[in-house]
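These notes are about the structure you will find just below.
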Amino acid sequence: MARFHNNTAVNYDGGLDGGLDGVGQFNYLFKAFEQSEDELVVSKLNQSLKEQCGAEFNLQFFVGNQLQELSDEIIQSLAKCYAQVFNESWGESWTIESATTEIKNCINCEEQYLPLMSLLFREGEVVGFSWGFVLEKDSLNLESKPFSSSELQRHDCIKVASYWLDEVAKKQKLISIRELGVLKDYRHDKTPYLCLPIFEKAKSLDCMVGFLRTKISSKAFKWSLGIGLVPIQFFMKDDLLLMHGSIRYATEIFNGLIDRLSKKKNQRKVICNIKRYLCQY
């Protein structure tokens, strides 16, 4: 999409089996060779997205300082999408202004956090988003807000996550999955595309553990169970809980869900993971 530039989501409209001649195939390979690891991931996802959902969809991915370069136009489109998603799905009362503030808090996060963001566009407008922070375990302290901007049981979340990372898993890094949403008209099958760039980047940084704060009553709860996340803390207030799980396993599930040959197999895995946790078989 010509409206947006200067990001890692580069589109290439061809492939090795796309009917290219010898010169075209060489150029495709040369472009692929020039791309970074992040760009290769997004380029491959965009090709699959185009084939399965249509050419009007486009995925873009931003890491660290790249988020500082987001145009006001993109931020406003994202804020509109953010407010609509959470007002419809969670019954909240976001405005464009408050959503913009939340987005800028992500972009201008604490120095020790590495922000990651993926955006799904349809014909130039944001229709889906996901973002999170990769951070060292030692960055978890009583002043930090890695899982939510809310103060509700914030200190307890930090203590629980720190204990698990220190005493149980012996892990040094984590990713906090802060936000994920798609407009309801485009929700079907889009979540893996939004999550994969973030999860693949986390893996490349040797970050294998993900944390997510959500509500038991939300669709995100069962979705998280399906990709292998499980509760680590129940707030027993406002239906909230903190979940955690393997980034590598979730990535395998997501890749399987967008692969036509293994899609049904991985859909069964998602259902089995949900039923296993809920003791439904």
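Numbering (my numbering), first residue to last: 2 to 282.
The beta-carbon is built from N, C-alpha and C at its ideal position, and this holds for glycine as well.
Residue i: first and last residue of the uninterrupted beta strand (DSSP E) it sits in
i    : result
H245 : L241 to S247
F222 : Where F222 is concerned, there is no enclosing beta strand (DSSP E), although the alpha helix (DSSP H) it sits in stretches over K220 to G227.
Q234 : V231 to F235
Neighbourhood of residue i by C-beta, 6 Å cutoff - its chain only, sequence neighbours within 5 removed
i    : result
I228 : A251 and I254
V42  : P198 and E201
F58  : L50 and R123
Y114 : F134 and L136
S149 : R214
I178 : G133, G211 and L213
I108 : L68
Y187 : V128
C158 : F148 and L243
S163 : L141
G19  : Low local confidence applies: a pLDDT of 42 at G19 is under 50, so the model's placement there is unreliable, and no value is given.
Where residue i falls, given that 16 or more other Cβ within 10 Å makes a residue buried
i    : result
I97  : exposed
L68  : buried
K276 : exposed
V169 : exposed
F27  : Residue placement at F27 is poorly supported in this model, since its pLDDT is 45, which falls under 50; the coordinates still yield a value, given next. Label assigned to F27: exposed.
N274 : buried
K238 : exposed
E40  : buried
V64  : buried
L279 : exposed
S220 : Here residue 220 is Lys; the residue named in the question, Ser, does not match the sequence. So K220 ends up on the exposed side.
L143 : exposed
H245 : buried
G55  : exposed
G182 : buried
S131 : buried
L141 : buried
S78  : buried
L166 : buried
F262 : Before going further, note that residue 262 is Leu rather than Phe in the sequence given. The residue is exposed, with fewer than 16 neighbouring Cβ atoms inside 10 Å.
Delimiting residues of the alpha helix (DSSP H) encompassing residue i
i    : result
K264 : K264 to Y278
Q85  : D73 to W91
T215 : Taken as a continuous stretch (DSSP letters only), T215 belongs to no alpha helix (DSSP H), being part of the beta strand (DSSP E) at V210 to K216.
S44  : E38 to C54
S99  : I97 to I108
For residue i, the residue or residues it bridges with in DSSP
i    : result
Q61  : L120
L115 : V135
V127 : F122
Beta-carbon contacts of residue i that lie in its chain and below 8 Å, excluding the five residues immediately before and after
i    : result
I1   : For the chain, the structure presents residues 2 to 282; residue 1 sits outside this window and is missing.
I258 : It should be noted that the sequence gives Leu, not Ile, for residue 258. The answer, listed in chain order, is D190, P193, K264, N267, Q268 and V271.
E52  : none
L184 : C82, Q85, V86, V128 and G129
K223 : I275
L60  : A10, V43, L46, N47, L50, S119, L120, L121, F122, Y194, L195 and P198
S218 : D240
L230 : G211, L213, M244, H245, G246 and A251
Nonlocal neighbours in the same chain, by C-beta distance under 7 Å from residue i, ignoring five residues either side
i    : result
M209 : K172, S247, I248 and R249
V161 : I233, Q234 and L243
A80  : I97, A100, T101 and I104
Q154 : F236
S205 : E38
H156 : L143
L226 : N274, I275 and Y278
L117 : V64, W132, G133, V135, I199 and K202
W95  : Y83, A84, F87 and N88
Any C-beta of chain C under 8 Å from that of residue i
i    : result
E124 : No chain C is part of this structure, which consists of one protein chain only.
What are the complete alpha helix (DSSP H) segments, minimum 4 residues, inside the segment 144 to 196? 155 to 164
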